[in-house]
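Asks: Let me begin by handing over the structure; questions about it come next.
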Amino acid sequence: MNPAARRVLIPLAVAFAIGVPAAQALLDLGLSASEFADDGNETLRAAGYAFSIWSVIYAGFLAYAVWQALPRNRDDAAVAATAAPAIVAIAGCGVWLLAAGANWQWASVVIIVTSAAAAIFALMRALPAYESNVRDHLFVYWPLGLLAGWLTIASAINIVTVLTAFRLVPPGSEVVGVVGVAVVTAVGAAVLLRLRLLAYAVPIVWGLIAVWVAEHEAKPLPAGAALAGAAALAILAIWLGRPNVAKR
Numbered sequence: 019m020n021p022a023a024r025r026v027l028i029p030l031a032v033a034f035a036i037g038v039p040a041a042q043a044l045l046d047l048g049l050s051a052s053e054f055a056d057d058g059n060e061t062l063r064a065a066g067y068a069f070s071i072w073s074v075i076y077a078g079f080l081a082y083a084v085w086q087a088l089p090r091n092r093d094d095a096a097v098a099a100t101a102a103p104a105i106v107a108i109a110g111c112g113v114w115l116l117a118a119g120a121n122w123q124w125a126s127v128v129i130i131v132t133s134a135a136a137a138i139f140a141l142m143r144a145l146p147a148y149e150s151n152v153r154d155h156l157f158v159y160w161p162l163g164l165l166a167g168w169l170t171i172a173s174a175i176n177i178v179t180v181l182t183a184f185r186l187v188p189p190g191s192e193v194v195g196v197v198g199v200a201v202v203t204a205v206g207a208a209v210l211l212r213l214r215l216l217a218y219a220v221p222i223v224w225g226l227i228a229v230w231v232a233e234h235e236a237k238p239l240p241a242g243a244a245l246a247g248a249a250a251l252a253i254l255a256i257w258l259g260r261p262n263v264a265k266r
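The sequence shown finishes on residue 266 if you use the numbering used here, and the numbering steps up by one all the way, no holes.
Dropping the structure here:
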């Protein structure tokens, strides 16, 4: 992507992603994200506190937008590799909220999966530049890694929620809940093995623990699977971070 275009489009995507929830809250437009999730959350859900991670993700958006716009980073390899898919992923966060506000359930699935795939693809494209500098880690890989990881687990919960809302799966089914957790863990592990990026694992572990908190009393099987998945991904992330393993 042309650096001049990138410097405009990334801040616009960030402004859109952060501005949509602010506008919805101030103007009381449509359903909130929690209200949207209430229809179909009988099968798999995360405790409400988990969504506070968005404050960190939004801060990462701002850091990424400022970093890529600095003149010194005009030809930065990590920024150049991530720019186009990052715009899709970041803007998708705002588009998802609009779809949720309008209760467009199937559209929300398409949007969140597309955004997750775009964020992961951005990081994959930037792998050759991974060792470029410490600041790229802080302002490129961590913001996009947190987004990609959170959208990975959020996609699974979103899909299960919509399937439940349309009664395509039995509401409250522990088997479906376990399958959802297993898919998150498997996808998370596969991507983590490729990226070897702690920032990707952190929000998935965070989200899986929040699933355990929300479900451990009513649905012990998916809750137990979530806790086991969180432990497995945490161990994998730590192992991949060892100096003799992390070499690319």
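Using N, Cα and C, we set each Cβ at its ideal position, and we do this for glycine too.
Nearest to residue 131 by CA position, among 62, 165, 100, is which residue?
Replies: Here residue 131 refers to the residue found at position 113 of the sequence shown. Of the candidates 62, 165, 100, the one whose C-alpha sits nearest the C-alpha of residue 131 is 165.
Asks: Output needed for residue 192: all residues of its chain with C-beta closer than 6 Å, excluding positions within five of it in sequence on either side, in chain order.
Replies: As a working mapping, residue 192 is identified with position 174 in the sequence shown. Closer than 6 Å at the Cβ level, and outside the excluded window around residue 192, lie 237, 239, 240.
Asks: Just to confirm the assignment, what range does the alpha helix (DSSP H) spanning residue 117 have?
Replies: On the sequence shown, position 99 is the one that residue 117 refers to. Element bounds for residue 117: 95 to 119.
Asks: State the Cα-Cα distance for the pair residue 157 and residue 106, rounded to the nearest angstrom.
Replies: In the sequence shown, the residue the question calls residue 157 occupies position 139. In the sequence shown, the residue the question calls residue 106 occupies position 88. Going by the C-alpha atoms only, they are around 18 Å apart.
Asks: How many angstroms separate the CA atom of residue 245 from the CA atom of residue 174?
Replies: Locating residue 245 in the sequence shown gives position 227, counting from the first residue. Locating residue 174 in the sequence shown gives position 156, counting from the first residue. Roughly 16 Å separates the two Cα atoms.
Asks: Measure the Cβ-Cβ separation of residue 71 and residue 168 and say whether it is below 8 Å.
Replies: Within the sequence shown, numbered from 1, the residue matching residue 71 stands at position 53. Within the sequence shown, numbered from 1, the residue matching residue 168 stands at position 150. Yes; because the gap between Cβ atoms is below 8 Å, this pair is in contact.
Asks: So, does the segment 121 to 136 touch the segment 86 to 94, judging by three or more C-beta pairs under 8 Å?
Replies: no
Asks: Hey, quick one: how far does the alpha helix (DSSP H) through residue 168 stretch, first residue to last?
Replies: Translated into positions along the sequence shown, residue 168 becomes position 150. Annotation for residue 168: the continuous alpha helix (DSSP H) segment containing it runs 160 to 183.
Asks: Am I right that residue 32 and residue 83 are in contact with their C-beta atoms under 8 Å? What's the rounded C-beta distance?
Replies: For the purposes of this step, residue 32 is taken as residue 14 along the sequence shown, with counting starting at 1. For the purposes of this step, residue 83 is taken as residue 65 along the sequence shown, with counting starting at 1. Right, the Cβ-Cβ distance comes to about 5 Å (below 8 Å), so this counts as a contact.
Asks: Spatial neighbours of residue 146 within its chain, please: CB distance less than 8 Å, with the 5 preceding and 5 following residues excluded, ordered by chain position.
Replies: Numbered from its first residue, the sequence shown carries residue 146 at position 128. Here the set comprises 95, 99.
Asks: Find the nearest neighbour of residue 258 within the set 226, 213, 80, 224, judged by alpha-carbon distance.
Replies: One-based indexing of the sequence shown puts residue 258 at position 240. Answer by Cα proximity: 213.
Asks: Near residue 189, what residues of its chain come up, given a Cβ to Cβ distance below 7 Å and the 5 sequence neighbours on each side ignored?
Replies: Taking the sequence shown and counting its residues from 1, one reaches residue 189 at position 171. If we look at residue 189 and ignore the five residues flanking it on each side, its Cβ neighbours are 60, 61, 182.
Asks: Can you tell me which of the three DSSP states residue 259 falls into?
Replies: Here residue 259 corresponds to residue number 241 of the sequence shown, with the count starting at 1. Note: residue 259 maps to coil in three-state DSSP.
Asks: Within 10 angstroms of its Cβ, does residue 215 collect 16 or more other Cβ (buried), or is it exposed?
Replies: Locating residue 215 in the sequence shown gives position 197, where the first residue counts as 1. When all chains shown are included, residue 215 counts as buried.
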